[in-house]
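Counting with our numbering, you get residues -14 to 308 for the letters of the sequence shown.
Where a beta carbon is used, it is the ideal one built from N, C-alpha and C, also for glycine.
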Amino acid sequence: KRAQIEFDCLCKLKLSLDLSRGKPIGEQLDLSNELFTTLTGEHGDYVGERGFDYRNYGLLDGIPEAKALFAELFEVPAEQIFVGGNSSLNMIYDALTRLMLHGAPGVNEPWCRLDKVRFICPAPGYDRHFGMLESLGIEMITVEYRADGQPDIERIEELAKDPAVKGIICVPKYSNPTGVTYSREVVRRLAKMECAAPDFRIIWDNAYCVHTFKGEGDRLLNIFDALEEAGAADLVYEFGSTAKVTFPSCGVAAMALSPANMAQAKKLIGVQTISFDKLNQLRQARYLQSTAHIHEIMQRHADIIRPKFDIVFEALEAELGGL
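Written out as structure tokens, the structure reads:
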């Protein structure tokens, strides 16, 4: 009866609460309103650092300014960066689709011609990742996290010995939804993993690479450094975007690829489109400027979000602590 009374009182307040996961509030969106003015002014505002007019066709793999920005974020050379449209999820889905239809470089066996394609899925994980795999008819193998929060790397290594297992999809930093960051040992073992399938791929969705809201934050080992040590450069496709830095659905996404994977991506995406939205890439690059400036922006987000997290944690602890 008491709970019903409390519920009725809440209903009478006529609150309008949007509980959508991961949606910034207006105060956070206002932080990036400068994006609306970065391209205003004279004709020269649309011309890039190398004299290219970004209102025109060309530059399939992205403008130099945006490639340089993501190269700094991902800690790889700019020539290994492909800057696309507004969605990293879209880029991941397209990458999986290219593997299904065309196969991996040097293998030339499209996955769609195989009797079975299986993927390793650390769980709990990101539901949209699983939706992509399901839509492509890829069988998912659940691998649970260990007591220390890390993925069960021994189980992953064992599964990779099956030639039907073609990859793993994961969020390695502040993993959705557990929040764990993969340890240096896990990253190194993934990079040097013995895979029965020569076209095994790690879909490395580094969506939260700059999303530290308190203190130093976690440090994720650069997997491309680990790949170089292991001599397995083609193993990983890394993805990220500015969706939770500037505007969701209006940001810019990128992927980091080995030279062989980049060559294939350029060839096949070049059939699909002439170029992506270079003006949006330019305004994002001009506003964000550098990794250091991005961290400053993220701290402004943190100042807005942290007090809300604290209130939620205090309420949960007060009401449910010890359960």
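Let me know the secondary structure DSSP gives residue i once reduced to three states.
{"i": "Ile254", "result": "helix"}
{"i": "Met247", "result": "helix"}
{"i": "Ile105", "result": "strand"}
{"i": "Cys194", "result": "coil"}
{"i": "Tyr31", "result": "helix"}
{"i": "Gly134", "result": "coil"}
{"i": "Gly69", "result": "coil"}
{"i": "Asp(-7)", "result": "helix"}
{"i": "Cys180", "result": "coil"}
{"i": "Glu94", "result": "coil"}
{"i": "Tyr159", "result": "coil"}
{"i": "Arg186", "result": "strand"}
{"i": "Lys151", "result": "strand"}
{"i": "Tyr39", "result": "coil"}
{"i": "Ala80", "result": "helix"}
{"i": "Gly225", "result": "strand"}
{"i": "Lys302", "result": "It should be pointed out that residue 302 corresponds to Glu in this sequence rather than to Lys. Here Glu302 sits in helix by DSSP."}
{"i": "Glu60", "result": "coil"}
{"i": "Ala217", "result": "coil"}
{"i": "Ala145", "result": "coil"}
{"i": "Ala239", "result": "strand"}
{"i": "Glu201", "result": "coil"}
Would residue i pass as a contact of residue j if the rule is Cβ separation under 9 Å?
{"i": "Ile187", "j": "Ile138", "result": "no"}
{"i": "Tyr193", "j": "Ser17", "result": "no"}
{"i": "Leu267", "j": "Gly43", "result": "no"}
{"i": "Phe224", "j": "Ala80", "result": "yes"}
{"i": "Phe232", "j": "Leu14", "result": "yes"}
{"i": "Leu206", "j": "Val172", "result": "yes"}
{"i": "Asp262", "j": "Gly70", "result": "yes"}
{"i": "Phe198", "j": "Met125", "result": "no"}
{"i": "Val102", "j": "Ile77", "result": "no"}
{"i": "Glu119", "j": "Glu179", "result": "no"}
{"i": "Ile279", "j": "Leu58", "result": "yes"}
Evaluate residue i with the Cβ neighbour count: other Cβ atoms within 10 Å of its Cβ, from every protein chain shown; 16 or more gives buried, anything less gives exposed.
{"i": "Phe161", "result": "Checking the sequence shown, residue 161 turns out to be Asn, not Phe. Buried: at least 16 other Cβ atoms inside 10 Å."}
{"i": "His286", "result": "buried"}
{"i": "Pro107", "result": "buried"}
{"i": "Gln269", "result": "buried"}
{"i": "Cys155", "result": "buried"}
{"i": "Val297", "result": "exposed"}
{"i": "His114", "result": "buried"}
{"i": "Glu50", "result": "buried"}
{"i": "Thr227", "result": "buried"}
{"i": "Arg35", "result": "exposed"}
{"i": "Ala176", "result": "buried"}
{"i": "Lys251", "result": "exposed"}
{"i": "Ala56", "result": "buried"}
{"i": "Asn41", "result": "exposed"}
{"i": "Lys151", "result": "buried"}
{"i": "Ile259", "result": "exposed"}
{"i": "Lys52", "result": "buried"}
{"i": "Ala277", "result": "exposed"}
{"i": "Pro109", "result": "exposed"}
Check whether the Cβ of residue i lies closer than 9 Å to any Cβ atom in chain C.
{"i": "Ala239", "result": "This model lacks chain C altogether, as it is built from one protein chain only."}
Going by Cα to Cα distance, which pick from the options is closest to residue i?
{"i": "Val128", "options": "Leu305, Pro148, Asp112, Ile105", "result": "Ile105"}
{"i": "Arg204", "options": "Ala303, Tyr167, Val230, Cys180", "result": "Tyr167"}
{"i": "Asp219", "options": "Thr227, Gln249, Glu302, Gly225", "result": "Gln249"}
{"i": "Arg316", "options": "Pro109, Tyr111, Arg83", "result": "Outside the modelled stretch of the chain, which goes from -14 to 308, sits residue 316, for which no answer is possible."}
{"i": "Val230", "options": "Cys180, Val102, Gln274", "result": "Gln274"}
{"i": "Pro148", "options": "Met117, Ile10, Asp100, Ala303", "result": "Asp100"}
{"i": "Val68", "options": "Leu45, Leu74, Glu60, Tyr78", "result": "Leu45"}
{"i": "Gly134", "options": "Thr163, Cys(-6), Asp288", "result": "Thr163"}
{"i": "Tyr222", "options": "Ser73, Gly7, Leu(-2)", "result": "Ser73"}
{"i": "Asp288", "options": "Leu(-5), Asn75, Pro9, Ser260", "result": "Pro9"}
{"i": "Thr25", "options": "Leu264, Arg131, Ala300", "result": "Leu264"}
{"i": "Glu201", "options": "Glu281, Gly236, Ser5, Lys151", "result": "Glu281"}
{"i": "Ile208", "options": "Lys146, Cys235, His196, Pro157", "result": "Pro157"}
{"i": "Val165", "options": "Ser234, Ala132, Leu(-2)", "result": "Ala132"}
{"i": "Tyr371", "options": "Ile66, Tyr159, Ser234, Ala145", "result": "Since the first residue shown for the chain is -14 and the last is 308, residue 371 is missing from the structure and cannot be characterised."}
Given 8 Å, three or more beta-carbon pairs between the stretch 92 to 102 and the stretch 231 to 244: No contact exists between the stretch 92 to 102 and the stretch 231 to 244.
Any 3 or more C-beta pairs closer than 8 Å across the stretch 231 to 240 and the stretch 199 to 215: no
The stretch 74 to 91 touching the stretch 172 to 189, judged by at least three CB pairs closer than 8 Å: Yes, the stretch 74 to 91 is in contact with the stretch 172 to 189.
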